[in-house]
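Here the sequence shown is numbered in our numbering, starting from 864 and rising by one per residue.
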Amino acid sequence: MPAQHPDKTPQNVFDIVIIGAGFAGLYMLHKARKLGLHARVFEVGEGVGGTWHWNRYPGARCDVESMQYSYQFDEDLQQEWEWSERYSGQPEILRYANHVADRFNLRDDIQFETRVESACFDEAEETWTISTDRHETVSAQFVVMATGCLSSTNAPVFPGQDEFEGDIHHTGRWPREGVDFSGKRVAVIGTGSSGIQAIPIIAEQADHLTVFQRTAQYAIPAHNRPLKAEEQATVKARYSEFRQENSLYPNGFSLRMPLNEMPALEASEDERATEYEARWAEGGFTFSWSFADLGTNLEANATAASFVRNKIHEIVEDPETAKKLSPDSVIGCKRLCLDTGYFKTFNRPDVDLVDISQQGIDRITPTGIQCGSEQHEVDILVLATGFDAMTGTLLAMDIRGRNGLSLTKQWEAGPRTYLGLGIPAFPNLFTISGPGSPSVLTNMIVSIEQHVNWISDCLEAMRAAGHQTIEASEEAADAWVAHVNEVADQTVYPSCNSWYLGANVPGKPRVFMPLLGFPPYVEKCDEVAASNYEGFVLG
Ligand code: NAP
864 MPAQHPDKTP QNVFDIVIIG AGFAGLYMLH KARKLGLHAR VFEVGEGVGG
914 TWHWNRYPGA RCDVESMQYS YQFDEDLQQE WEWSERYSGQ PEILRYANHV
964 ADRFNLRDDI QFETRVESAC FDEAEETWTI STDRHETVSA QFVVMATGCL
1014 SSTNAPVFPG QDEFEGDIHH TGRWPREGVD FSGKRVAVIG TGSSGIQAIP
1064 IIAEQADHLT VFQRTAQYAI PAHNRPLKAE EQATVKARYS EFRQENSLYP
1114 NGFSLRMPLN EMPALEASED ERATEYEARW AEGGFTFSWS FADLGTNLEA
1164 NATAASFVRN KIHEIVEDPE TAKKLSPDSV IGCKRLCLDT GYFKTFNRPD
1214 VDLVDISQQG IDRITPTGIQ CGSEQHEVDI LVLATGFDAM TGTLLAMDIR
1264 GRNGLSLTKQ WEAGPRTYLG LGIPAFPNLF TISGPGSPSV LTNMIVSIEQ
1314 HVNWISDCLE AMRAAGHQTI EASEEAADAW VAHVNEVADQ TVYPSCNSWY
1364 LGANVPGKPR VFMPLLGFPP YVEKCDEVAA SNYEGFVLG
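Given below as structure tokens:
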């Protein structure tokens, strides 16, 4: 059991402890201060920005367009900040996070380079005791997990890896000082969003690049470009209406071309080709709105998949390589990727693709990677192998609720939350964009703000009514988990081994974690609040 002796000196007794200083933690702190709460944020990194602090790999860029991927809580902030590109790169987003921290003077209440090791609920005192790796324990009435959905890396360890003589870097823990690939033979393992963004840039810098692909991925061109001043001005002239309209879309963001309401199977082959071509030319997730039934009907979905496969064969000159790069799965089941020159990169004479779908990687040797009888000589190994998504960071801490119940035990069959906000037996603990909420299927900043606003309103309502504790009921959580899975079961999402299902991490329970559909979710959260927090027990 973790330490149970909080330091009760006044400076170490907080109303609220927030874990994480990414976009969720920063806004939660801002709101907590507005409520007059004594707050402390603990952050492992040495700076703010969360995912944008850690994912500094070359090519890291947001797939949600810049005018939408930003906070809306402060009109002056959204009017003042100028984005330079259609999709913002990691350095610009990190500058924005730092700007927010400075503008609202948030750093004073953030303790950096501090990992929370445990959080335990003291039933007698009705407070949480939080212990950190700096051997300090503090107490707080409320704990908010602003720990992010993609913050714990999935870093497989291959046999022999310890003996590798070169450097190994995970895209999700990229060194601050960068990596110099010049003159090096580089290997990238993993072809999800991170790999697909990093590969073209690494290929330009390295002497030779070998990509190890276990599953081919669909990618749509991003068509990134500078953002025109008039485009920004048009949005800024009616920013709040723009935000309001976007919140009504299923993912909490709008796309450049409206959803085509026609089902793909009702369109002629020519109509389908024209539609897909137009959206491919426009770039971005707009492609997934080509027809109304791509996410729900496998036959319709196959028409889009076939279009992208044909594109891959058009772009990639070597037919054998094109075939290897062509997925045969359901498009959009694993998160669709946006790319800038990804497929074209395989036309370079200094880039090789190794298909490891059948036999895998046998071992890492001191100088390379062994697959069957082939040894690939490598100086630098890049793991673009993704994350233990949504639950990894929470379960890495020792979190204990009533009767010392551990979160690991509570979630042994998969995460159980109510609304993705509360966990039964863990009173006064909130998860921002937790499993069971739309989170990773939306514009994350929009979902974060909705959660932070809901939590802040809840804290205010509790104070007004004189309540000390709030706790999700077991029944509400069970019903909610069933609901999240029922919604997913009506779509193509459960048909592949995606990280949404936890299927990328060996041994992780297979449960569809995020909830599809932002607007009905917001409505439900509002209803719960309006009905005196139905499904929660107030004490
Ligand atoms: P990911 O989508 O989970 O992809 C990981 C890749 O590594 C997959 O190709 C996977 O193969 C492979 N892999 C994992 N373990 C392996 C092993 N033991 N041996 C060989 N290959 C292995 O991870 P990600 O690319 O980091 O992206 C995760 C999520 O982060 C994205 O879906 C997205 O939500 C977010 N993200 C967003 C952006 C953006 O907005 N632009 C950029 C990067 C990431 P399998 O498919 O066979 O498992």
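C-beta: ideal position from N, C-alpha, C; glycine also.
Valine 1007 sits in a strand when the DSSP states are folded into three classes. By the Cβ-count criterion, proline 1290 is buried, with 16 or more other Cβ atoms from all chains shown falling within 10 Å of its own Cβ. Going by DSSP, cysteine 1234 is part of the beta strand (DSSP E) stretching over 1231 to 1234. Note on geometry: alpha-carbon atoms of cysteine 1200 and glutamate 928 lie some 14 Å from one another. A contact between stretches requires three or more CB pairs, one per stretch, nearer than 8 Å, and the segment 1098 to 1111 meets this requirement with the segment 929 to 941. Residues of the same chain with a CB within less than 6 Å of the CB of threonine 1054, apart from the 5 flanking positions on each side, are Gln1076, Gln1080 in chain order. In the structure shown, asparagine 1291 falls within a strand segment according to DSSP collapsed to helix, strand and coil.
Between alanine 1155 and proline 1126, the C-beta spacing is below 8 Å. Checking the DSSP bridge columns, you'll see cysteine 1200 partnered with Ala1082. By the 16-neighbour rule on beta-carbons within 10 angstroms, alanine 1144 is exposed. When C-alpha distances from alanine 1069 are compared across Asp1213, Leu1161, Glu1040, the shortest belongs to Asp1213. Remark: the shortest separation between the CB of threonine 990 and any heavy atom of the ligand NAP does not fall under 7 Å. In the DSSP assignment, the residues bridged to isoleucine 1286 are Phe1289. Following the DSSP letters along the chain, one finds leucine 1216 inside the beta strand (DSSP E) bounded by residues 1214 to 1218.
The three-state reading of DSSP puts glutamine 1331 in coil, since its state is none of H, G, I, E or B.
Taken through DSSP and simplified to helix, strand or coil, serine 1169 comes out as helix. Boundaries of the beta strand (DSSP E) around glutamine 1238: 1237 to 1240.
Annotation for tryptophan 991: no alpha helix (DSSP H) segment contains it, though the beta strand (DSSP E) segment containing it runs 990 to 995.
Two segments are said to touch when three or more pairs of C-beta atoms, one from each, lie closer than 8 Å; by this definition the segment 1365 to 1375 does not touch the segment 1320 to 1332. Residue side-chain check: glutamine 1024 keeps its Cβ at 7 Å or more from all non-hydrogen atoms of the ligand NAP. Secondary structure of leucine 1401 (DSSP, three-state): strand. Just measuring C-alpha positions, the residue of Val1245, Glu1124, Asn1316 sitting nearest glutamine 1024 is Val1245.
Here the alpha carbons of phenylalanine 1206 and glutamate 1026 stand approximately 32 Å from one another.
Among the bridge pairs identified by DSSP, glycine 952 is matched with Arg924. Serine 1394 counts as exposed, since fewer than 16 other beta carbons sit within 10 angstroms of its beta carbon.
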